[in-house]
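K.L.:
Take the sequence shown: its position 8, counted from the start at 1, is 8 in the UniProt record's numbering, and no numbers get skipped.
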Amino acid sequence: MYDLDETIRQRHAVRMFLPDRPVPRALVDEALELAIRAPSNSNIQPWRVVFASGAARDRLVAALLKGAHEGPPKVPPLPEAFAHFRSDTGKVVYGAMGIKREDTEGRRIAVLRNWEFFRAPLAGVVCMDRELGLADAVGVGMFLQTLLLGLTARGLGTCPQVSIAGYPEILREQLNIGEEFTILCGLAVGYTDPDFPGNRARVGREPLAHNVRFVDE
1 MYDLDETIRQ RHAVRMFLPD RPVPRALVDE ALELAIRAPS NSNIQPWRVV
51 FASGAARDRL VAALLKGAHE GPPKVPPLPE AFAHFRSDTG KVVYGAMGIK
101 REDTEGRRIA VLRNWEFFRA PLAGVVCMDR ELGLADAVGV GMFLQTLLLG
151 LTARGLGTCP QVSIAGYPEI LREQLNIGEE FTILCGLAVG YTDPDFPGNR
201 ARVGREPLAH NVRFVDE
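#1: Provide the residue(s) that pair with Ala52 in DSSP beta bridges, ordered along the chain.
#2: Measuring only the C-alpha atoms, how far is Val126 from Val111?
#3: Can you name, in chain order, every residue of its own chain whose Cβ lies under 6 Å from the Cβ of Gly186, other than the five neighbours on each side?
#4: Distance check for Asn114 and Ala56, CA to CA, integer angstroms please.
#5: Ignoring anything shorter than 4 residues or poking outside the segment 52-95, list the alpha helix (DSSP H) runs there in chain order.
#6: Kindly list the residues whose CB is nearer than 8 Å to the CB of Arg11, restricted to its own chain and excluding five residues on each side of it in sequence; keep chain order.
#7: Let me make sure I understand the geometry here. Which of Arg9, Ala52, Glu102 and Gly139 has the alpha-carbon closest to that of Val203?
#8: Identify, in the order they occur along the chain, each residue of the same chain with its Cβ nearer than 6 Å to the Cβ of Asp214, setting aside the five sequence neighbours on each side.
#9: Can you check whether the CB of Pro121 is closer than 8 Å to the CB of Gly198?
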């Protein structure tokens, strides 16, 4: 049995993994068996995940790095009212890594780690049927969060990656993902590198009152 509160507090985005420490398939299967119990609209279970490891993972990373050198990812910008969250997070993460704002080369190297899945030995891509809508995306989100917690409880690190979805054509070609699926995000899974300073970064949260209201009358 695992302590749910502690698992939730421990989960965070890992930005460097131990590349030579394999992820036991049994632990991933256990976490997936929990994740598929997540609720979904009419129980349609809209989540689809493709995992790549070994040679398949290496080919995918090589193709993504090539794509990153050829052009920027197709990641839509955040609306102006929310854009500061991305920059604020960047300050925390880059600060933990000791990369200053004017360090262009250091930032370039750090960004490229996205396409390596931060060297995680297990790379995932999360998808949803293109015909489904926002309510079903909520179902995928609940599945993904449950999966993250299941993996965290078993000693594994994770990092959901919106950036990976910025090269959909590469993902489709490398992992045989059909056009009938919308690619939502990537997922890096592995054992956390304890010596990487960026893994000590913790991003804060808004106070409850900022996003939650109770209506009594």
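Glycine included, every Cβ here is placed at the ideal spot set by N, Cα and C.
P.N.:
Let me lay it out:
#1: Ala123
#2: When rounded, the distance between both Cα atoms is 21 Å.
#3: Val125, Gln161 and Ile164
#4: 17 Å
#5: Counting only runs of 4 or more, we get 54-70.
#6: Leu148, Leu149, Thr152 and Thr158
#7: Arg9
#8: Asp is not the amino acid found at residue 214; the sequence shown has Phe there. Here the set comprises nothing.
#9: No, they are not a contact pair.
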